[in-house]
Amino acid sequence: MQLPTSSSIVILTGAGISAESGLSTFRGGGGLWENHRVEDVASPEGFITDPQLVHRFYNQRRAQLRTVQPNLAHLALAELEKAWPGDFMLVTQNVDDLHERAGSQKLVHMHGELAKVRCMLCGEVLPWEGDTQPGTPCPTCGKKKSLRPHVVWFGEVPFALDCIGRALEKCGLFVAIGTSGHVYPAAGFVELVSPFAYTLELNLEASQVASGFFELRSGKATELVPALLKELLAGIQAPVHATGP
Ligand code: APR
Numbered sequence: 032m033q034l035p036t037s038s039s040i041v042i043l044t045g046a047g048i049s050a051e052s053g054l055s056t057f058r059g060g061g062g063l064w065e066n067h068r069v070e071d072v073a074s075p076e077g078f079i080t081d082p083q084l085v086h087r088f089y090n091q092r093r094a095q096l097r098t099v100q101p102n103l104a105h106l107a108l109a110e111l112e113k114a115w116p117g118d119f120m121l122v123t124q125n126v127d128d129l130h131e132r133a134g135s136q137k138l139v140h141m142h143g144e145l146a147k148v149r150c151m152l153c154g155e156v157l158p159w160e161g162d163t164q165p166g167t168p169c170p171t172c173g174k175k176k177s178l179r180p181h182v183v184w185f186g187e188v189p190f191a192l193d194c195i196g197r198a199l200e201k202c203g204l205f206v207a208i209g210t211s212g213h214v215y216p217a218a219g220f221v222e223l224v225s226p227f228a229y230t231l232e233l234n235l236e237a238s239q240v241a242s243g244f245f246e247l248r249s250g251k252a253t254e255l256v257p258a259l260l261k262e263l264l265a266g267i268q269a270p271v272h273a274t275g276p
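Take the sequence shown: its position 164, counted from the start at 1, is 195 in the working numbering, and no numbers get skipped.
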């Protein structure tokens with residue numbers, strides 16, 4: 032069946048799209064993220080319990096960003112965005128900056144961004160390359176002990192859910208790439224899509240919500256996503272066959 036290319040598209044990515052760039056997924060290593068329980072380093076409780084550990088953990092993640100590059104899947108999505116004739120939204124659960132560095136612009140980081148920090152007192156969100164410590168002062172309000180990673184932790188509300196929901200309701204094509212379907216609300220996005228839309232999951236293995244998709248393609252993102260780009264470009268460029276008088 033030919034994939035629709037004349038309507039709007041929403042793409043959802045998870046840690047699996049960055050795995051081949053060398054970034055760990057969340058549930059690949061026995062439930063540990065870089066040898067830490069996700070709850071210990073990605074929750075408000077974990078931050079209150081041991082802010083030094085959490086600052087150090089995100090400092091390491093931020094430093095690691097500088098050692099990895101976007102892969103063919105990130106690059107293919109940036110190409111698709113440029114060629115797509117209709118509305119295009121790339122929603123990522125990832126906090127890395129590989130989509131941006133690949134050239135994606137119509138991008139929504141629903142779980143926040145590693146390369147930014149937020150002041151809990153004045154609310155300022157700041158690009159941040161280096162390390163933070165519990166005592167690092169906020170450059171805007173000067174207060175200490177108020178900076179935290181601009182990342183959505185367990186129990187916190189993801190960003191931009193309203194505009195993501197609107198895009199899902201009206202899209203004709205929804206593609207989920209490299210996400211396990213363990214974490215809501217992202218895992219429930221496929222249920223928000225019109226029953227007339229085409230839904231496609233690209234993953235190494237079926238996700239927890241695979242049954243909600245019209246089609247599943249198994250394999251590595253760096254193989255499946257460039258192939259999807261080629262298929263969609265052919266559909267976009269295909270001449271509309273005249274139906275005659
Ligand atoms: N190509 C395609 N898919 C892959 C690849 C690959 N090379 N490697 C792994 N995957 C798939 C796995 O099969 C799995 O389904 O990527 C998915 C990764 O799942 P998770 O580690 O659970 O990551 P994700 O789905 O993004 O987690 C969602 O959970 O911990 C929170 O906030 C965190 O954003 C994260 C959210």
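Ideal placement from N, C-alpha and C gives every residue a C-beta, glycine not left out. Computed from a predicted model, the values in this text were never measured in an experiment.
With DSSP as the reference, label residue i as helix, strand or coil.
i, result
"Cys150", "strand"
"Leu54", "coil"
"Gly209", "coil"
"Glu144", "strand"
"Leu204", "strand"
"Ser49", "helix"
"Ala217", "helix"
"Glu76", "helix"
"Ser242", "helix"
"Ala133", "helix"
Under 6 Å Cβ to Cβ from residue i, same chain only, skipping five residues before and after it: list those, please.
i, result
"Gly143", "Val126, His181, Val182 and Val183"
"Phe119", "Ile40, Glu112 and Lys137"
"Arg248", "Leu233 and Leu255"
"Val122", "Leu43, Val139, Met141 and Ile195"
"Gly45", "Gln124, Gly209 and Thr210"
"Glu155", "Thr171"
Once you ignore the five residues that flank residue i on each side, which residues in its own chain have a CB closer than 8 Å to its CB?
i, result
"Phe245", "Tyr229, Thr230 and Leu231"
"Gln164", "Gln83 and His86"
For the alpha helix (DSSP H) containing residue i, list its first residue and its last residue.
i, result
"Phe88", "Pro82 to Leu96"
"Glu254", "Ala252 to Gln268"
"Lys201", "Leu192 to Lys201"
"Phe220", "Phe220 to Leu223"
"Leu103", "Leu103 to Ala114"
"Asp127", "From DSSP, Asp127 is part of no alpha helix (DSSP H); its letter is neither H nor E."
"Val69", "Val69 to Val72"
What does residue i pair with, by DSSP beta-bridge criteria?
i, result
"Arg179", "Arg149"
"Val156", "Arg149"
Which residues mark the beginning and the end of the beta strand (DSSP E) in which residue i is found?
i, result
"His140", "Leu138 to His140"
"Val41", "Ile40 to Thr44"
"Leu247", "Glu246 to Ser249"
"Leu231", "Tyr229 to Asn234"
"Leu121", "Phe119 to Thr123"
Ignore the nearest five residues each way along the sequence and tell me which others in residue i's own chain have a CB closer than 7 Å to its CB.
i, result
"Gly53", "Val99"
"Pro158", "Ala146 and Lys147"
"Arg92", "Leu145"
"Asn102", "Glu51, Ser52 and Thr253"
Could you say if the segment 163 to 174 and the segment 185 to 200 meet the contact criterion of at least three C-beta pairs nearer than 8 Å? no
Any 3 or more C-beta pairs closer than 8 Å across the segment 70 to 77 and the segment 144 to 153: no
If contact is defined by three or more beta carbon pairs under 8 Å, each pair taking one atom from either stretch, is the segment 207 to 219 in contact with the segment 236 to 245? yes
Count the C-beta pairs between the segment 252 to 266 and the segment 73 to 89 that are closer than 8 Å, then say yes if the count reaches three, no if not. no
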